[in-house]
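Using the working numbering, the letters of the sequence shown correspond one by one to residues 753 to 1147.
Built from N, CA and C at the ideal position, the CB exists for glycine as well.
Computed from a predicted model, the values in this text were never measured in an experiment.
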Amino acid sequence: MNTAARTSITKFLEKESAGGILLVMAAILAIILANSPLNIYYAMLLDTPVVVQIGALEVAKPLLLWVNDGLMALFFLLVGLELKREFLEGELSDIKSIILPGVGAIGGMAAPAAVYLYFNINNPDTMSGWAIPAATDIAFALGVLSLLGSRVPISVKVFLTSLAIFDDVGAILIIAFFYTSQLSVTALIVSGLCICALGFLNHRGVVDKSLYIIFGIIMWVSLLKSGVHATLGGVILAMFIPIKSPKDPSYSPLKTLEHDLHAMVAYIILPIFAFCNSGISFSGIGFEDILSPMPLGIILGLFIGKQVGIFGLCWIGIKLKLTELPKGMNWTVLYGTAALCGIGYTMSLFIGSLAFQGGGMNNIVDERIGIIIGSVLSGMLGYFVLRQALKGRKE
């Protein structure tokens, strides 16, 4: 790996790790507020109606949904930009380097979903939550890795990041195909026209990011009205942002926009999302509630399903000589990294909000309890396994 690529990855990881710390602080603050006399004001804040109207076009949602549908669209825009860059010229552009994280991602999504379905297969009210434990929160996972300092090999960080990228692709597909409500043909036509306009801009080599963003906003509103989840508009927009300028190869509109978004997403958007979605009141919740099928399926899906699925399929792939362990990794390090992937926090909360958006409050509470417990257990196990495995390495 050349020096420029290593420096780029290091800066990215530093930003993600710091974002993970802010996520933890925001989540803890939300839980404290939800279990204090200030709970009523916390709930009122999330329910605050926010209306944007231009003529006959009106978008009216409570603040919580503006965060989940609006701010998270910017998060998915950043995810899309990172995906495109990585596949075109990053770590994932080399087929040999993507086999191991790709295989691990498949196991890391299939096994947790299977564990969840095992506990909820006979309950149609909770079946829709099958994808909740399939997600990995890269910001939190890298935040835990940062606690181990420089003893962590760069190959571990690249593997974890690459696996999380594939995980994001899977999450995007799951949202598109399984969490889409009734469709509005008119709104979909408008979205299609916006995609055509974005394709035309890209084909003509237009590098003015503002033009792409204008059509992206129109597409986001139309997707919001169409029944397809609006956050997917961020991913679609990213696919059309040029990675290079035809007139000036040294200028990359994609990398520039990615750089501009990184700090805002890591330090503002994701902490706000965590604050708005982590406020669980533990009043009246007993041990038997935690062991009910939905939260138990999520806990074991994240804590057991993730590590078994990722480590198991990676082991099979390596034994079949389809791929090999990266330099600086051994089986124990691979296992610890697989356990760390059970931190599903942000994406799990987001998928949970989609899975149970039509359900009652009890469903939402159960889902978030499972995510927090499963993520904490996974983070602790991954940290201690990796700390032991890397004990001989210098800081």
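Is residue j closer than 9 angstroms to residue i when the C-beta atoms are compared?
| i | j | result |
| --- | --- | --- |
| residue 912 | residue 1093 | yes |
| residue 812 | residue 972 | no |
| residue 827 | residue 968 | no |
| residue 881 | residue 868 | yes |
| residue 1106 | residue 927 | yes |
| residue 1122 | residue 1088 | no |
| residue 1127 | residue 892 | yes |
| residue 775 | residue 1026 | yes |
| residue 982 | residue 989 | no |
| residue 995 | residue 809 | no |
| residue 907 | residue 1069 | no |
| residue 1030 | residue 1103 | no |
| residue 965 | residue 920 | no |
| residue 815 | residue 1017 | no |
| residue 1054 | residue 1129 | yes |
| residue 980 | residue 932 | yes |
| residue 959 | residue 898 | no |
| residue 773 | residue 895 | yes |
| residue 1010 | residue 917 | no |
| residue 1100 | residue 884 | yes |
| residue 1062 | residue 886 | no |
| residue 915 | residue 888 | yes |
| residue 1097 | residue 779 | yes |
| residue 999 | residue 957 | yes |
| residue 940 | residue 978 | yes |
| residue 1024 | residue 823 | yes |
| residue 1008 | residue 961 | yes |
| residue 875 | residue 1132 | no |
Looking only at its own chain, which residues have a Cβ that is under 8 angstroms from the Cβ of residue i, when we skip the five neighbours before and after it?
| i | result |
| --- | --- |
| residue 1113 | Any reading at residue 1113 needs caution, since the residue's pLDDT is 42, under 50, leaving its predicted position unreliable; the model's value is listed next. Counting only Cβ-Cβ distances below 8 angstroms, and skipping sequence neighbours, we find nothing. |
| residue 963 | 953 |
| residue 900 | 1135, 1138, 1139 and 1142 |
| residue 797 | 815 |
| residue 1048 | 871, 1042 and 1122 |
| residue 984 | 828, 924, 927, 928 and 975 |
| residue 951 | 992 |
| residue 1035 | 787 |
| residue 970 | 942 and 946 |
| residue 1077 | 852, 1070, 1083 and 1086 |
| residue 1013 | 826, 829, 830 and 833 |
| residue 845 | 838 and 839 |
On the three-state DSSP scale, how would you describe residue i?
| i | result |
| --- | --- |
| residue 1114 | Low confidence applies here, because residue 1114 scores a pLDDT of 48, under 50, leaving its location unreliable; read the following figure in that light. Residue 1114: helix per DSSP, three-state reduction. |
| residue 982 | coil |
| residue 801 | strand |
| residue 812 | strand |
| residue 1121 | helix |
| residue 995 | coil |
| residue 988 | helix |
| residue 806 | strand |
| residue 1094 | coil |
| residue 788 | coil |
| residue 1087 | helix |
| residue 888 | coil |
| residue 905 | coil |
| residue 1130 | helix |
| residue 1002 | coil |
| residue 973 | helix |
| residue 956 | coil |
| residue 1108 | coil |
| residue 1142 | coil |
| residue 900 | coil |
| residue 931 | coil |
| residue 936 | coil |
Quick check: is any heavy atom of the ligand ZN less than 8 angstroms from the C-beta of residue i?
| i | result |
| --- | --- |
| residue 976 | In terms of ligand content, the structure shown is empty, and the ligand ZN therefore cannot be addressed. |
Keeping to the same chain, check which residues put their C-beta closer than 6 angstroms to that of residue i; ignore five residues upstream and five downstream.
| i | result |
| --- | --- |
| residue 1075 | 851, 852 and 1069 |
| residue 905 | 1080 |
| residue 1051 | 1122, 1125 and 1126 |
| residue 821 | 982 |
| residue 761 | Bear in mind that the predicted position of residue 761 carries a pLDDT of just 49, short of 50, making it unreliable; the figure below should be weighed with that in mind. If we look at residue 761 and ignore the five residues flanking it on each side, it has no Cβ neighbours. |
| residue 854 | 918 |
For residue i, which residues in the same chain have their Cβ closer than 7 angstroms to its Cβ, ignoring the five residues on either side in sequence?
| i | result |
| --- | --- |
| residue 1084 | 1137 and 1141 |
| residue 1033 | 786, 787 and 791 |
| residue 1196 | It is not possible to answer for residue 1196, since the shown part of the chain is limited to 753 through 1147. |
| residue 930 | 883 |
- Task: Return the chain-ordered ranges of every alpha helix (DSSP H) run that is complete within the stretch 826-882 and spans a minimum of 4 residues.
- Result: 847-872
- Item | In chain order, each alpha helix (DSSP H) run of at least 4 residues that lies wholly inside the stretch 1010-1081 | 1022-1029, 1039-1042, 1045-1052 and 1058-1071
- Task: Evaluate contact between the stretch 862-878 and the stretch 1050-1067, counting only Cβ atoms and requiring at least three cross-stretch pairs below 8 angstroms.
- Result: yes
- Task: Kindly confirm or deny that the stretch 939-958 and the stretch 791-804 touch, where touching means at least three C-beta pairs closer than 8 angstroms.
- Result: no
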